[in-house]
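Counting along the sequence shown from 1, when you hit position 732 you're at 732 in the working numbering, and nothing is skipped either side.
All C-beta atoms in this analysis are idealised placements derived from N, C-alpha and C, irrespective of residue type, glycine included.
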Amino acid sequence: MKKKLLLLACFLIAGTSMMAQSGFQWKTASSGGYTYKYVTNDPTQSRFYTLKNGLTVILSANTKEPKIEYRMSVRAGSNTDPRTATGLAHYLEHLLFKGTDKFGTLDFAKEKPLLDKIDGLYEQYNKTTDPAKRKAIYAQIDKTSGEASNYSIANEYDKMMKAIGGQSTNAHTWYEETVYNEDFPSNATDKFLALQAERFRNPIFRIFHTELEAVYEEKNRGLDEDAWKVEEKTAELLFPTHNYGQQTTIGTVEHLKNPSLVEIRKYYNKYYVPNNMALAMAGDFNPDEMIKKVDQSFSFMQNKPVVLYNPAPEKPLTKIQKLDIYGPSAESVRLSYRGYAENSSQSLLLDLISSILANGKAGLIDINLNKQQKVLRAGAGYQQMKDYGVFTLNAQPKQGQTLEQAKQLLLDQINILKKGEFDESLIKATVANQKLSLLQSFDNNGFRVEAVTNEFILNRANKWDKSLSGQDAMAKLTKKQVTDFANQFFKDNYVVTYKHKGEDKSIAKVEKPTITPVKTNATETSPFAKKLLAMPSAEIVPKFLDYQKDLSFGKAGIADVIEVQNKENPIFRLSYRFEMGAWNNKLMPYAAQYLAFLATDKYTAEEISKEFYNIACNYTFTVSNEVATINISGLQENFDKAVTLVEHILAHCKPNETALAGLKSRILKSRENNKLNKAMILNGLMSYAQYGASNPSNYILTNNEVNNITSADLLAILHNVNNYEHTITYYGPQSLPEFTANISKLHKLPATFTPEPPVKKFVYTNNATNQVYFADYDMVQSEIRWVRNAGKYEADLAGKVNLFNSYFGGGMGSIVFQTIRESKALAYSTFAVYSAPDRADKQYAMVAYVGSQADKMNDAVKGMNELLNDLPESAKSFEASKYNAMNAIETDRITKDDIIASYFANKKLGLDHDSRIDEYNELKPLTFTDIKAFHTNNVANKPYNYCIVASEKNVKLDDMQKFGTVNKLTLEQIFGY
Numbered sequence: 001m002k003k004k005l006l007l008l009a010c011f012l013i014a015g016t017s018m019m020a021q022s023g024f025q026w027k028t029a030s031s032g033g034y035t036y037k038y039v040t041n042d043p044t045q046s047r048f049y050t051l052k053n054g055l056t057v058i059l060s061a062n063t064k065e066p067k068i069e070y071r072m073s074v075r076a077g078s079n080t081d082p083r084t085a086t087g088l089a090h091y092l093e094h095l096l097f098k099g100t101d102k103f104g105t106l107d108f109a110k111e112k113p114l115l116d117k118i119d120g121l122y123e124q125y126n127k128t129t130d131p132a133k134r135k136a137i138y139a140q141i142d143k144t145s146g147e148a149s150n151y152s153i154a155n156e157y158d159k160m161m162k163a164i165g166g167q168s169t170n171a172h173t174w175y176e177e178t179v180y181n182e183d184f185p186s187n188a189t190d191k192f193l194a195l196q197a198e199r200f201r202n203p204i205f206r207i208f209h210t211e212l213e214a215v216y217e218e219k220n221r222g223l224d225e226d227a228w229k230v231e232e233k234t235a236e237l238l239f240p241t242h243n244y245g246q247q248t249t250i251g252t253v254e255h256l257k258n259p260s261l262v263e264i265r266k267y268y269n270k271y272y273v274p275n276n277m278a279l280a281m282a283g284d285f286n287p288d289e290m291i292k293k294v295d296q297s298f299s300f301m302q303n304k305p306v307v308l309y310n311p312a313p314e315k316p317l318t319k320i321q322k323l324d325i326y327g328p329s330a331e332s333v334r335l336s337y338r339g340y341a342e343n344s345s346q347s348l349l350l351d352l353i354s355s356i357l358a359n360g361k362a363g364l365i366d367i368n369l370n371k372q373q374k375v376l377r378a379g380a381g382y383q384q385m386k387d388y389g390v391f392t393l394n395a396q397p398k399q400g401q402t403l404e405q406a407k408q409l410l411l412d413q414i415n416i417l418k419k420g421e422f423d424e425s426l427i428k429a430t431v432a433n434q435k436l437s438l439l440q441s442f443d444n445n446g447f448r449v450e451a452v453t454n455e456f457i458l459n460r461a462n463k464w465d466k467s468l469s470g471q472d473a474m475a476k477l478t479k480k481q482v483t484d485f486a487n488q489f490f491k492d493n494y495v496v497t498y499k500h501k502g503e504d505k506s507i508a509k510v511e512k513p514t515i516t517p518v519k520t521n522a523t524e525t526s527p528f529a530k531k532l533l534a535m536p537s538a539e540i541v542p543k544f545l546d547y548q549k550d551l552s553f554g555k556a557g558i559a560d561v562i563e564v565q566n567k568e569n570p571i572f573r574l575s576y577r578f579e580m581g582a583w584n585n586k587l588m589p590y591a592a593q594y595l596a597f598l599a600t601d602k603y604t605a606e607e608i609s610k611e612f613y614n615i616a617c618n619y620t621f622t623v624s625n626e627v628a629t630i631n632i633s634g635l636q637e638n639f640d641k642a643v644t645l646v647e648h649i650l651a652h653c654k655p656n657e658t659a660l661a662g663l664k665s666r667i668l669k670s671r672e673n674n675k676l677n678k679a680m681i682l683n684g685l686m687s688y689a690q691y692g693a694s695n696p697s698n699y700i701l702t703n704n705e706v707n708n709i710t711s712a713d714l715l716a717i718l719h720n721v722n723n724y725e726h727t728i729t730y731y732g733p734q735s736l737p738e739f740t741a742n743i744s745k746l747h748k749l750p751a752t753f754t755p756e757p758p759v760k761k762f763v764y765t766n767n768a769t770n771q772v773y774f775a776d777y778d779m780v781q782s783e784i785r786w787v788r789n790a791g792k793y794e795a796d797l798a799g800k801v802n803l804f805n806s807y808f809g810g811g812m813g814s815i816v817f818q819t820i821r822e823s824k825a826l827a828y829s830t831f832a833v834y835s836a837p838d839r840a841d842k843q844y845a846m847v848a849y850v851g852s853q854a855d856k857m858n859d860a861v862k863g864m865n866e867l868l869n870d871l872p873e874s875a876k877s878f879e880a881s882k883y884n885a886m887n888a889i890e891t892d893r894i895t896k897d898d899i900i901a902s903y904f905a906n907k908k909l910g911l912d913h914d915s916r917i918d919e920y921n922e923l924k925p926l927t928f929t930d931i932k933a934f935h936t937n938n939v940a941n942k943p944y945n946y947c948i949v950a951s952e953k954n955v956k957l958d959d960m961q962k963f964g965t966v967n968k969l970t971l972e973q974i975f976g977y
């Protein structure tokens, strides 16, 4: 399951005060028979309940769409793993998807003795050291697991979530938390709560040895990720005694090889208790009604004393510690300092300092390093945990630059900070920019539940008031306080981690055990599931767009204008959309990059960045293959300033030969790094397979052509961009007449538009036999993608494609996931989808993927090919997939400027209306017979291109030749340089 993302770190440290003029204070209220706490002026209007058994329930109503986001969090993670069994909390997270004695089983009375036997065998296994004896015990585990699988129903939890309309089943484990996340339609609340309550009532740890293999795969994937190695090794030195550095979430190889189901059960009983858990929901519900339902559902949980991890304080770090990490990816350097506890005054200062150093526009690193191109790229940030934080500065060196030189440039910025050589207005601007960001974020239900969940993990949500008022405190900080603290904090007390390109000889992968595929009983349904799914649900009527009503169309000079009025807040988003891009002019993306480094006759490049940051506005010039956009956003009060500034920049930007030379050098260095990125290599193989030697991935300037770029070439594009035809889109507070009158004054247009250059057309391949496209990469795993061009877009296939993907390979409840991962334990990650094009003149593509250990590649390919050629039938899975596909449309609410995006997306497909209307109507009559025929006609027994990224040391040419004709591509063939 996914690792926790730290998107909320800034908020959790600094909070926000943007929604109110007065303070944030805890208050108590009662409603519907329940007492709750809340914080005055809370923009999420969250209610904090504590049930009689100690379960924390946090509810935030937001009725803009008929969906609900849910998190169940446990204040226990890898920190609370036993020292002798690291990775245990993560194992448990995986097992919470396996069912109980009521679901996930056909006959628990017959299954239980076999599961008990497996428990005992694992205890023998992890206490045995003799290899031959261990192999014999594992053979018994494998045999008994096969027998037990006669009674288990794999993935029944995921199937039920799919059947009630869930779209995002997942979970993650981290240092001090395990969090289970879902979303579901609001009409399925009763079903959802019944399922979640049952899930935590008496979880049964079945189908363990195949799930164990999935965790092995996850570990091996981590061993292939250099960033993961940097993170883990750096933490060891920052935290020599704390479990932040001494225990990893996924666990050691040795502990992974010796799991104990008995210890996992003890862990569950110890930490999964209501007084150590929180249920958070945000979405379409009445809080008075919801709290009653939650209470009734989870009242069975019993309060128990909990002793959480409480380590002795770390001793201060008093020296510079150096790390050298090797791996195939691009080189980088990272400086890491140990920070402070959550919600402390020091952490507030470190959060502010991270923005003073790097905020994407006007920080010291932004201006002095990135803007001046002294490194390839650099940044800074503060990551907050409960007991400590980690402050990092990082850089990738430019061409010809050493890691030591990049490190010194980072330290130079720290010294500038210590000397106070920055404008105090940066503090005010940081608060204003966070205000704008959070104003937008709190409208999202996912952000709301993530915010309160993280708050619960950090401090049981007792400091929500302080988090909300944190920006008030930040705004009061002075430059002197910042510099005084910086001089005290930034000393020779950091860890410097050098990530070198080279072979990592220390990797010891988790070896593949012998596993016999288990039965999934995919066509079976437990009595619990039947009863749950039979519960009635109120109908949700889909709401489709009518572009003539939901959009306002107008003119500003000769340009078309499309507007959606924002009646909720003072935010605006403006775009100039050009129907041309890199496929029309290879130089255009480079012109967009060049613009960031240019001055005008009025402003330096640095002053431009500061101007935008000071008014809390953003602007970007983005060039994709077929579309270019100039985007401007911020608060409406600063609309005129922002638009006028952008217009000035485009009209008056001046050449900067030093900047151009630096840009060329950075482009060439980035290209070197791209060749070290396995994901980009795999994407390049895919493009080559679909289009041949001339394809979108390598349709770029050669290195020689990059070196020959001139300022005149790029400025010609920038100065004349507004002369090309474009559509002006606006989402903001102004009405269409107000906006068109205003933008006509600010945005200068020619009398007639200049025709855009012709677009490059690529020719699809149509291979009659299987082909293998292989790229050698130093890695433990193998990455395999199947791809086949499948014919031009047909509007009336949308329903079938949606349902086929839902049933076949799009999600944890799909046929592909159940077979490849759950039954055969061949991969941690796998999928298969019939990918629809984004333009009417493009083709569909059948794409499948398996990421597996290299020594399981042959089995993985065989397993996927069997599914590609023979579609298994499961009536229940089909019904769940169809309901899920239809419910996704019924609950989908396209609003704000997403309406504009929808309009353009459908226009590219040749449609003048909301395509969901046709798709929904097409879904209704579909049967499994229709999907089976679709699979037969479009997927089965077809020639495929196998795109493989793996190490030649770990995969055999003879094996790949069995898949098809092998084409080993060079990186130059893949990338075009």
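8 Å or more divides the Cβ of N656 from the Cβ of F753.
Across the structure, R577 and I728 are spaced so that their CA atoms are roughly 6 Å apart. Within its own chain, the residues whose Cβ lies closer than 7 Å to the Cβ of N707, once the five positions on either side in sequence are excluded, are K664, listed in chain order. For Q548, the uninterrupted alpha helix (DSSP H) segment begins and ends at Y547 to D550. Counting along the chain, H172 sits inside the beta strand (DSSP E) bounded by residues N170 to W174. Shown here for S829: same chain residues with a beta carbon closer than 6 Å to its own, the five before and five after excluded, namely G851 in chain order.
Ranked by Cα distance from G732, the first of T483, K896, T600 and A85 is K896. Look at F528 here: in three-state DSSP terms it is helix. One alpha carbon belongs to L350, the other to A651, and they sit about 39 Å apart.
The residues L12, A461, K463, W464 and S467, in chain order, have a CB closer than 8 Å to that of E455 in the same chain once the five nearest residues on each side in sequence are set aside. Judged by beta-carbon spacing, D288 lies beyond the 8 Å limit of S30, meaning their Cβ atoms are not closer than that value. Here I414 has F490 as same chain residues with Cβ atoms under 7 Å from its own Cβ, once five neighbours each way along the sequence are excluded. Closest in C-alpha terms to R671, from the list V307, N945, E314 and L971, comes L971.
In the DSSP assignment, G446 falls within the unbroken alpha helix (DSSP H) covering N445 to N459. At least 8 Å separates the beta-carbon of Y849 from that of F804. Comparing C-alpha distances from S332 to each of T658, E611 and V496 shows the shortest one belongs to V496. Nearest C-alpha to L715 among N906, N62, L595 and Y216: L595. Between Y340 and Y388, the CB-CB gap stays under 8 Å.
Between S624 and K102 a beta carbon distance of about 50 Å is seen, past the 8 Å cut, so the two are scored as non-contacting. Nearest in C-alpha terms to A845, of all of P758, T453, L923 and K942, is K942.
With fewer than 16 other Cβ atoms inside 10 Å of its own Cβ, D423 counts as exposed. The three-state reading of DSSP puts G222 in helix, counting H, G and I together. L867 has no beta-bridge partner at all, per DSSP. Every unbroken stretch of the alpha helix (DSSP H) spanning 4 or more residues and falling wholly within the segment 459-542 is given here in chain order: 464-468, 470-476, 479-489 and 527-534. In this structure, S149 lies near V518, with their beta-carbon atoms less than 8 Å apart. Among the bridge pairs identified by DSSP, H242 is matched with none.
In the structure shown, the three-state DSSP call for K641 is helix. In the displayed model, E182 falls within a strand according to three-state DSSP. As for any beta strand (DSSP E) of minimum length 3 sitting wholly inside the segment 40-80, the runs are 47-50, 56-61 and 67-74, ordered along the chain. T710 counts as exposed, since fewer than 16 other beta carbons sit within 10 angstroms of its beta carbon. For N585, the number of other beta carbons within 10 angstroms of its own is at least 16, and it is reported as buried.
At least 8 Å separates the beta-carbon of A163 from that of L736.
In the DSSP assignment, the residues bridged to C947 are Y773 and R785.
Look at F553 here: in three-state DSSP terms it is strand.
For K968, the enclosing beta strand (DSSP E) begins and ends at T965 to K968.
Beyond the five residues adjoining it in sequence on each side, L121 comes within less than 7 Å, by CB distance, of I137, Q140, I141 and T144 in the same chain, given in chain order.
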